[in-house]
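K.L.:
My structure is below; once you've seen it, I'll send some questions.
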Amino acid sequence: MSSEEKIGHHEALSLLVIILSAKVFLSFPRNMALLGDAAGWIIVFLAGIYSLVGYFFLSALLKKYPGKNIIQIAHQVSGGICGKLIGAALFLFFLMTTSLYLRQFAESFILAILPRTPISVITILFLILLVYTALLGVETLSRVAWLLGPYLLIALIIIFLFSLPQMTFDHLVPVLGPGPVPLIKYSLTHLSLFSEIILFGIIAPLIRSREKINRIGLYILGVAVVINTGVTILTTAVFNYVETQKMVFPVFQLTRLVAYGEFVQRVEAVFVFLWFFWAGIQLSGLFYGAVTSFAQTFRIKNYRPLTLPIAVLTFTISLIPASMTETVELGDYTTSPSLISNYYSIAAFGIPFLLWLIAFAKKHLGGVTND
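Residue 559 in the working numbering is what sits at position 343 of the sequence shown, and the numbering runs on without skipping anything.
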């Protein structure tokens with residue numbers, strides 16, 4: 217990670233919000249309907265609240281060790297070997313999330329506008345973008361996110377406004393879906409819904425306004441919770457939870473409802489381009505996390521030579537699912553909670569909690585933790 221790279225707090229906010237909310241364009245609303253029926257949005261909201269609590273430990277570490285990222289903190293707090301293991305776990309997290317999202321976005325573009333294009337072609341085109349943005353650095357990527365963020369938000373608002381006439385709030389009944397106990401259980405076991413916040417632990421030292429770092433993380437999670445919860449409510453209210461469960465990419469179906477009179481029809485192709493920018497920023501951010509976490513773990517000063525080999529690895533993993541159905545099922549929290557939910561939750565919230573415990577214990581046992 218280049219020490220010369222610096223990003224503003226607005227840029228960091230835009231980048232992380234886009235990364236945490238890009239999943240709404242994929243099978244996320246469907247997965248929430250599968251988990252909570254009409255109350256899937258409550259799972260999202262509660263998981264967001266719990267994630268805010270989990271973020272406390274990451275925030276406390278960043279405050280205690282200013283100028284260091286989560287992997288550097290792991291090396292200092294837990295020692296060289298444990299630090300490398302923690303760094304490797306974070307690298308695998310970023311690698312797996314990038315690969316899975318890459319495949320899902322590629323499948324969504326095939327479904328939307330490129331039905332005869334081989335999946336490998338779209339994946340390679342995305343990877344070229346990821347390698348290029350990684351070489352440019354996170355400073356450039358965050359500026360692009362800050363530039364395009366308002367337009368992407370406007371696109372979401374347009375989808376929401378044009379979907380209002382189709383909304384039926386009876387579709388949100390029963391309000392508690394399967395019941396309060398399952399909702400609380402699912403929200404606790406699916407903290408992975410906001411696991412990408414761990415990327416903030418990688419880029420936090422690059423933010424110019426260090427006194428605002430803790431608040432920025434709270435704002436990021438707050439905005440992401442609102443967007444993800446709102447989209448989940450929208451898809452359920454428009455289609456009802458039974459139909460949403462049958463859809464692969466519910467938000468794409470929402471864009472087909474956008475119409476104005478007899479002249480403005482079938483405008484989903486316009487939203488596909490905005491969809492592409494949202495996906496590009498998210499995937500680029502996660503890919504940057506994979507490359508830099510590997511470099512930080514093994515103390516490689518210049519991460520850029522790693523971009524190509526990690527891109528090849530990402531490409532290979534993304535092609536492991538044999539079909540779109542298998543790809544969606546890999547991200548289905550109801551069928552693969554041990555792979556997706558548990559590991560992602562441990563990487564994003566368990567690791568900061570563990571490091572915080574070690575630092576806390578060392579402090580009270582008289583150890584030196586922030587030399």
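Ideal placement from N, C-alpha and C gives every residue a C-beta, glycine not left out.
(1) Using 8 Å for Cβ pairs, my map puts T452 next to A249. What's the rounded Cβ distance?
(2) For the alpha helix (DSSP H) holding P466, just list the boundary residues, first then last.
(3) Can the beta-carbon of K222 be found less than 8 Å from the beta-carbon of L346?
(4) Whole-angstrom Cβ separation of L473 and S379, contact assumed at under 8 Å?
(5) Going by beta carbon distance, what residues of the same chain come within less than 6 Å of W362, once the five residues before and after it are set aside?
(6) Nearest to V486 by CA position, among I297, S267, A328, is which residue?
(7) Give the DSSP-derived three-state secondary structure of P331 in the structure shown.
(8) Which whole-angstrom value describes the C-beta separation of W572 and I449, a residue pair presumed to lie in contact below a C-beta threshold of 8 Å?
(9) For the putative contact between A563 and L274, defined by C-beta atoms under 8 Å, what is the C-beta separation to the nearest angstrom?
(10) Can you list, in chain order, the residues of its chain whose CB lies under 6 Å from that of F576, leaving out five sequence neighbours each side?
(11) Mapping the DSSP letters down to three states, classify I223 as helix, strand or coil.
(12) Report buried or exposed for T523, applying the criterion of at least 16 other Cβ atoms within 10 angstroms of its Cβ.
(13) Near D587, what residues of its chain come up, given a Cβ to Cβ distance below 7 Å and the 5 sequence neighbours on each side ignored?
(14) Is L470 buried or exposed, if buried means 16 or more other CB atoms sit within 10 Å of its CB?
(15) For the stretch 220 to 278, which segments carrying the alpha helix (DSSP H) assignment without a break, of at least 4 residues, lie completely within its bounds, in sequence order?
(16) For a test of your reading of the model: does the CB of F455 fall under 7 Å from any non-hydrogen atom of the ligand SAH? Yes or no.
(17) Let me know the secondary structure DSSP gives I432 once reduced to three states.
(18) Quick one: using the 10 Å Cβ neighbour count with 16 as the cut-off for buried, is K517 buried or exposed?
(19) I423 by DSSP, collapsed to three states: which one?
(20) The alpha helix (DSSP H) with E545 in it runs from where to where?
(21) Consult DSSP for T532 and reduce its assignment to one of helix, strand or coil.
(22) Could you round the C-beta distance between A440 and L316 to whole angstroms and report it? I think they count as a contact, below 8 Å.
(23) To the nearest angstrom, report how far apart I574 and V293 are at their CA atoms.
(24) Would you check if the distance between the CB atom of L311 and the CB atom of A506 is smaller than 8 Å?
(25) Alpha carbons only, please: which of P366, A304, F492, R515 is nearest the one belonging to I326?
(26) Can you tell which of L529, L369, R319 has the C-alpha that lies nearest to the C-alpha of P537?
(27) If you measure between the beta carbons of K284 and N430, is that distance less than 8 Å?
(28) In this structure, does DSSP put H406 in helix, strand or coil?
(29) Using alpha carbons as the reference points, say which of A420, Y367, T513, N456 lies closest to H387.
(30) Please name the residue, chosen from R424, S403, F309, T405, that lies closest to I567 on a Cα-to-Cα basis.
(31) What is the DSSP secondary structure of V391, reduced to helix, strand or coil?
(32) Report the residue from Q382, L502, F531 whose alpha carbon sits nearest the alpha carbon of T349.
(33) Among residues of its own chain, excluding the 5 on either side of R520, which ones have a beta-carbon nearer than 6 Å to its beta-carbon?
(34) Using a Cβ-Cβ cutoff of less than 7 Å, which residues in the same chain neighbour P282 once the five nearest sequence positions on both sides are dropped?
(35) With a Cβ-Cβ cutoff of 8 Å, do F468 and S243 count as a contact?
P.N.:
Checking against the coordinates, here is how it stands:
(1) Taking the first residue of the sequence shown as position 1, residue 452 is located at position 236. Taking the first residue of the sequence shown as position 1, residue 249 is located at position 33. Correct: roughly 6 Å between the Cβ atoms.
(2) Mapped onto the sequence shown, residue 466 falls at position 250. Note, P466: alpha helix (DSSP H), 466 to 471.
(3) For the purposes of this step, residue 222 is identified with residue 6 of the sequence shown, where counting begins at 1. For the purposes of this step, residue 346 is identified with residue 130 of the sequence shown, where counting begins at 1. With contacts defined as CB atoms closer than 8 Å, K222 and L346 fail to qualify as a contacting pair.
(4) As a position in the sequence shown, residue 473 is number 257, starting the count at 1. As a position in the sequence shown, residue 379 is number 163, starting the count at 1. Contact annotation, L473 with S379: C-beta distance approximately 6 Å; criterion of less than 8 Å satisfied.
(5) Indexing the sequence shown from 1 puts residue 362 at position 146. Excluding sequence neighbours, W362 sits near H226, E227, S230.
(6) The residue labelled residue 486 in the question sits at position 270 within the sequence shown. Distances from the alpha-carbon of V486 to those of I297, S267, A328 put A328 closest.
(7) Locating residue 331 in the sequence shown gives position 115, where the first residue counts as 1. P331 falls in the coil class under three-state DSSP.
(8) By one-based count along the sequence shown, residue 572 stands at place 356. By one-based count along the sequence shown, residue 449 stands at place 233. Not really, about 34 Å apart at Cβ, beyond 8 Å.
(9) In the sequence shown, the residue the question calls residue 563 occupies position 347. In the sequence shown, the residue the question calls residue 274 occupies position 58. The beta-carbon distance between A563 and L274, rounded to whole angstroms, is 12 Å. This is too long to meet the 8 Å contact definition.
(10) Counting from one through the sequence shown, the residue named residue 576 turns up at place 360. The answer is none, since no qualifying residue turns up.
(11) As a working note, residue 223 is residue 7 in the sequence shown. The answer is strand: DSSP assigns I223 an E or B state.
(12) What you label residue 523 is simply residue 307 of the sequence shown in a count that begins at 1. The residue in question, T523, is buried, as its Cβ has 16 or more Cβ neighbours within 10 Å.
(13) Here residue 587 is taken as the residue at index 371 of the sequence shown, counted from 1. Per-residue confidence for D587 stands at a pLDDT of 46, beneath the threshold of 50, marking its modelled position as unreliable; the derived number appears in the next sentence. Closer than 7 Å at Cβ, skipping near neighbours: no residue.
(14) Against the sequence shown, residue 470 aligns to sequence position 254. Per the 10 Å Cβ criterion, buried.
(15) If you keep only unbroken alpha helix (DSSP H) runs of at least 4 residues inside the stretch 220 to 278, you get 225 to 237, 244 to 252.
(16) Ligands are entirely absent from the displayed structure, and the ligand SAH is therefore not among its contents.
(17) Along the sequence shown, one-based indexing puts residue 432 at 216. I432 falls in the helix class under three-state DSSP.
(18) Sequence index remark: in the sequence shown, residue 517 carries index 301 (1-based). So K517 counts as exposed.
(19) Position 207 of the sequence shown, counted from the start, is the residue given in the question as residue 423. Three-state result, I423: strand.
(20) Counting from one through the sequence shown, the residue named residue 545 turns up at place 329. Where E545 is concerned, the enclosing alpha helix (DSSP H) stretches over 540 to 546.
(21) In the sequence shown, the residue the question calls residue 532 occupies position 316. T532: helix per DSSP, three-state reduction.
(22) In the sequence shown, the residue the question calls residue 440 occupies position 224. In the sequence shown, the residue the question calls residue 316 occupies position 100. No, A440 and L316 are not in contact; Cβ-Cβ is about 18 Å, not under 8 Å.
(23) Along the sequence shown, read from residue 1 onward, the residue named residue 574 stands at position 358. Along the sequence shown, read from residue 1 onward, the residue named residue 293 stands at position 77. Cα to Cα, the separation comes out at about 7 Å.
(24) Taking the first residue of the sequence shown as position 1, residue 311 is located at position 95. Taking the first residue of the sequence shown as position 1, residue 506 is located at position 290. Result yes, Cβ atoms of L311 and A506 sit closer than 8 Å.
(25) Within the sequence shown, the letter at position 110 stands for residue 326. Comparing C-alpha distances from I326 to each of P366, A304, F492, R515 shows the shortest one belongs to F492.
(26) Within the sequence shown, numbered from 1, the residue matching residue 537 stands at position 321. Comparing Cα-Cα distances from P537 to each of L529, L369, R319, the minimum goes to R319.
(27) Translated into the one-based positions of the sequence shown, residue 284 becomes position 68. Translated into the one-based positions of the sequence shown, residue 430 becomes position 214. In this structure, K284 keeps its C-beta atom at 8 Å or more from the C-beta atom of N430.
(28) Stepping through the sequence shown from its first residue, residue 406 is reached at position 190. Here DSSP, grouped into helix, strand and coil, assigns H406 to coil.
(29) Reading the sequence shown from its first residue, position 171 is the one you call residue 387. Selection A420, Y367, T513, N456 evaluated against H387 yields N456 as nearest (Cα-Cα).
(30) Here residue 567 is taken as the residue at index 351 of the sequence shown, counted from 1. Closest by alpha carbon: F309.
(31) For the purposes of this step, residue 391 is taken as the residue at position 175 of the sequence shown. Of the three classes helix, strand and coil, the one that applies to V391 here is coil, per DSSP.
(32) As a first step, residue 349 is located in the sequence shown; it is residue number 133 there, counting from the start. For T349, the closest of Q382, L502, F531 by C-alpha to C-alpha distance is L502.
(33) Looking up residue 520 in the sequence shown gives position 304. The answer, listed in chain order, is L351.
(34) Position 66 of the sequence shown, counting from 1, holds the residue named residue 282. Take P282, set aside five residues on each side of it, and the residues of its chain with a beta-carbon closer than 7 Å to its own are R426, in chain order.
(35) For the purposes of this step, residue 468 is identified with residue 252 of the sequence shown, where counting begins at 1. For the purposes of this step, residue 243 is identified with residue 27 of the sequence shown, where counting begins at 1. Not closer than 8 Å, so no.
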